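Each protein sequence line maps, in turn, to chains W and C.
In terms of the working numbering, the first sequence opens at residue 1036 and continues consecutively.
In terms of the working numbering, the second sequence opens at residue 1036 and continues consecutively.
Don't be surprised by glycine CBs; every beta carbon is placed ideally from N, CA and C.
Only a predicted model underlies this, so the values are computations on that prediction, with no experimental measurement involved.
The next block holds one structure in the form of structure tokens; read it before the comments.
Number of protein chains: 2
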Amino acid sequence: MKVVTSIPELQRLANEARLTGKRVGVVPTMGFLHDGHLSLIRIARQHSDVVITTIFVNPAQFAPNEDFEAYPRDLVRDEKLAEKAGTDLLFVPGVREMYPEGYLTYVDVENITKVLEGKSRPTHFRGVTTVVAKLLNIAKPRVAVFGQKDAQQVAVIRQMVKDLNFDVDIIVGPIIRESDGLALSSRNVYLSPEQRSDALVLSQSLRAGEKMILEGERWPDAIRAAMRDHISTKPSASIDYVSLADAATLEELTTVRPGRQILVSLAVRVGQTRLIDNTLVTVP
Amino acid sequence: MKVVTSIPELQRLANEARLTGKRVGVVPTMGFLHDGHLSLIRIARQHSDVVITTIFVNPAQFAPNEDFEAYPRDLVRDEKLAEKAGTDLLFVPGVREMYPEGYLTYVDVENITKVLEGKSRPTHFRGVTTVVAKLLNIAKPRVAVFGQKDAQQVAVIRQMVKDLNFDVDIIVGPIIRESDGLALSSRNVYLSPEQRSDALVLSQSLRAGEKMILEGERWPDAIRAAMRDHISTKPSASIDYVSLADAATLEELTTVRPGRQILVSLAVRVGQTRLIDNTLVTVP
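See below:
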């Protein structure tokens, strides 16, 4: 595995690979790698001859009041894990490499970025789409792999790729969970042992909501209320949103119709740590 | 020359060319081709093995009160001219091909899009950068050729290409003028014979401003005032702006410093027709 910090060098190596007929795959991450990230690298490995993993804590997707500075970083450990999972090129650009002085350009996806995460984090997705557009132009990959954990991010990136005609296939890897159900997240490291235990209400309430849909509940508000009630049993947990939305348009549902694919998702602050989780349910 | 209307087909043909080692060049236009456009196609011809000329009157760069519907179109004539100038692939997508239902993504360049043209046309450059980003992703060219006539457009596209790391060289072709100095423009067709004659104040006042700079005038307001005075001699001409700006940052100048490159530019409405023109001057 080669570690690359310069954009022109990655561009050169990726061009070289492509011109010799190799399939390039990219896995964009913010580092502090866990088994969720590693599963995405393994998926990229299956679909590509050259796997580029990127590690970049992207300031453009954090608001001033968010945890950009505190976001956990461990490059030494990340290098070992990324290599073991099958990375060929580890791209670790500095902030000034990605956003040089005088930087002015942003990619915006409308509508679907205004709900759910975008409601609490109004500039978040603009940062995501901008950095992903840059990475796609730098590496020009055949495939790019993202995790279902960030369900709305997947929807937003798919929309951008389609609208701006990026010539890349988006592959989505499933959510990886601890054995007790907690979805893996770099932010889990912020949790105290007690908060770690309280954080189980996220996956538990998702399973409860899913069960209600599968058992025939047709009133979304009843499902949202039951999920909220479950989360409220933990005093350290404060709800940002609990959502039942159309999986394609991300519009909140007013009815649960058979055959529809529903994104059940939530954001909950456990202590100071904001956690998200979701599940896709096809209505029987 | 092959005429292509579908994005996947152009993508396929451009990929094919690239994979066989050919240099692809793109000339984005809104059609109704004149010698200015044809000079850009000839420049692309010199730098590429496969020249793609695109003709697309891009609704996203027109405001609702502007001339999108009335914008002149003549595809039969354009096909002949584009072929004669050296086009291999003429890309003529429909509006629904470029902006299908549910389209949501836009590319925004900040700051330099807010002045000059952007002041009068606040959503114009967003439409330009979005459609150019799409064309660059569809054709993935080695070079793209634009005209200096749209000086601010050139600056905005250069900024986008640099910021989003598009792997393409931008080549800029000089302004082509009628023998009496009028800059070629598809919109010149709107002018009555009398307006056509009045429209000469644009290039004349640019030459007057340039002369003042070259002869040592150091006060930009004196130059702007002289240019405005000249334009005001024609009652059918109403000034939108007369600008002396730094050629790189597009900031209006308060002093004329030796060695600096100045963009002298203007927008003038002659009757109902809004015309623009500019010249680059290096201060002696």
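Quick one: list the residues of chain C neighbouring W/Q1188, beta-carbon separation under 9 Å, in chain order.
Within chain C, no C-beta atom comes less than 9 Å from the C-beta of W/Q1188; the nearest is roughly 14 Å away.
Beta-carbon proximity check, C/N1050 vs W/N1172, cutoff 8 Å
Contact flag unset, no.
Compute the minimum distance between the beta carbon of C/T1055 and the heavy atoms of the ligand PLP, and state whether it is under 7 Å.
Ligands displayed in this structure: none; no statement on the ligand PLP is therefore possible.
Pull up the CB-CB distance for C/T1164 and C/V1144, whole angstroms please, since I reckon it's below 8 Å.
About 6 Å; that satisfies the 8 Å criterion.
For C/S1271, which of C/T1064, C/V1305, C/V1277 has the nearest alpha-carbon?
Cα-wise, what sits closest to C/S1271 is C/V1305.
First through last residue of the alpha helix (DSSP H) which encompasses W/L1171:
It spans 1159 to 1174 - the alpha helix (DSSP H) in which W/L1171 sits, taken as one unbroken run.
Do C/D1109 and C/F1160 have their C-beta atoms within less than 8 Å of each other?
Taking 8 Å as the Cβ cut-off, C/D1109 and C/F1160 do not qualify as a contacting pair.
From the DSSP output, read off the bridge partner residues of C/Q1230.
C/Q1230 is not bridged to any residue.
Which residue marks the beginning of the alpha helix (DSSP H) containing W/N1050, and which one marks its end?
Where W/N1050 is concerned, the enclosing alpha helix (DSSP H) stretches over 1042 to 1054.
Contact with chain W by C/K1269, beta-carbon distance below 8 Å:
Interface criterion not met: the Cβ of C/K1269 is under 8 Å from no Cβ in chain W.
Neighbouring residues, chain C, relative to W/D1198 (Cβ below 7 Å)
Here the neighbours are Y1138, L1139, T1140.
Under 7 Å by beta carbon: chain C residues contacting W/I1248:
Neighbours of W/I1248 on chain C: none; closest Cβ ~26 Å, over 7 Å.
Is it true that the CB of C/L1075 sits closer than 8 Å to the CB of C/L1124?
Annotated as distal: C/L1124 and C/L1075, with beta-carbon spacing of 8 Å or more.
Evaluate the contact criterion for the region 1258 to 1277 of chain W versus the region 1290 to 1303 of chain W: three or more CB pairs, one atom per stretch, below 8 Å.
The region 1258 to 1277 of chain W vs the region 1290 to 1303 of chain W: in contact.
Interface residues of the region 1293 to 1306 of chain W facing chain C [CB-CB below 9 Å]
Here the close residues number zero.
Using only the alpha-carbon positions, how far apart do C/S1220 and C/H1069 sit?
When only Cα atoms are considered, C/S1220 and C/H1069 end up about 7 Å apart.
Have a look at the DSSP bridge pairing and note the partners of W/P1270.
Within the DSSP secondary-structure output, W/P1270 pairs in no beta bridge.
Runs of 3 residues minimum, wholly inside the region 1064 to 1132 of chain C: which ones carry the beta strand (DSSP E) assignment?
Every beta strand (DSSP E) stretch that sits fully inside the region 1064 to 1132 of chain C and reaches 3 residues is listed by chain position as 1085 to 1090, 1124 to 1126.
Pull up the distance between the alpha-carbon of W/I1042 and that of W/L1048, whole angstroms please.
If I take the Cα positions, the gap works out to 10 Å.
For W/S1278, name the three-state secondary structure that DSSP assigns.
Three-state result, W/S1278: strand.
Coil, strand or helix - C/G1251 by DSSP:
Correct three-state label for C/G1251: coil.
Can you tell me whether DSSP reads W/K1246 as helix, strand or coil?
Here W/K1246 sits in helix by DSSP.
W/E985 burial status per 10 Å Cβ neighbour count (16 or more: buried)
With chain W covering only 1036 through 1319, there is no way to say anything about residue 985 of chain W.
Residues of the region 1197 to 1221 of chain W whose Cβ lies closer than 7 Å to any Cβ of chain C, in chain order:
Under the 7 Å Cβ criterion, the region 1197 to 1221 of chain W contributes D1198, L1199, N1200, F1201, D1202.
Report the neighbours of C/K1169 on chain W: residues whose CB is nearer than 7 Å to its CB, in chain order.
Those within 7 Å of C/K1169 in chain W are L1199, N1200.
Assign W/E1152 to one of two classes, buried (16 or more other C-beta atoms within 10 Å of its C-beta) or exposed (fewer than that).
Classification for W/E1152: buried.
Using a Cβ cut-off of 8 Å (strictly closer), state whether C/V1150 contacts chain W.
Look at C/V1150: its C-beta is not under 8 Å from any C-beta on chain W.
How close, in whole Å, do the beta carbons of C/I1297 and C/L1279 come, if the pair is a contact with beta carbons under 8 Å?
6 Å between Cβ atoms; contact.
Please check if any C-beta of chain W sits within less than 8 Å of the C-beta of C/D1345.
Coverage of chain C is limited to positions 1036 through 1319, which leaves residue 1345 of chain C absent and any answer about it impossible.
Please identify, using Cβ separations under 9 Å, the residues of the region 1091 to 1119 of chain C that lie next to chain W, in order along the chain.
Flagged: no residues at all.
Along the chain, where does the beta strand (DSSP E) containing C/A1302 start, and where does it finish?
In this chain, the beta strand (DSSP E) harbouring C/A1302 covers 1296 to 1305.
Hey, C/T1089 and W/D1198: beta-carbon distance below 8 Å or not?
No, the Cβ-Cβ distance between C/T1089 and W/D1198 is not below 8 Å.
At a Cβ threshold of 8 Å, is W/Q1046 touching chain C?
The Cβ of W/Q1046 sits closer than 8 Å to at least one Cβ of chain C.
Could you pull the start and end residues of the alpha helix (DSSP H) that W/V1196 belongs to?
Going by DSSP, W/V1196 is part of the alpha helix (DSSP H) stretching over 1186 to 1198.
Which residues of chain C have a Cβ atom closer than 9 Å to the Cβ of W/I1173, listed in chain order?
Per Cβ cutoff of 9 Å: N1200, D1202.
Residues bridged to W/D1143 [DSSP beta-bridge criterion]
When DSSP reads this structure, W/D1143 sits in a beta bridge with C/Y1141.
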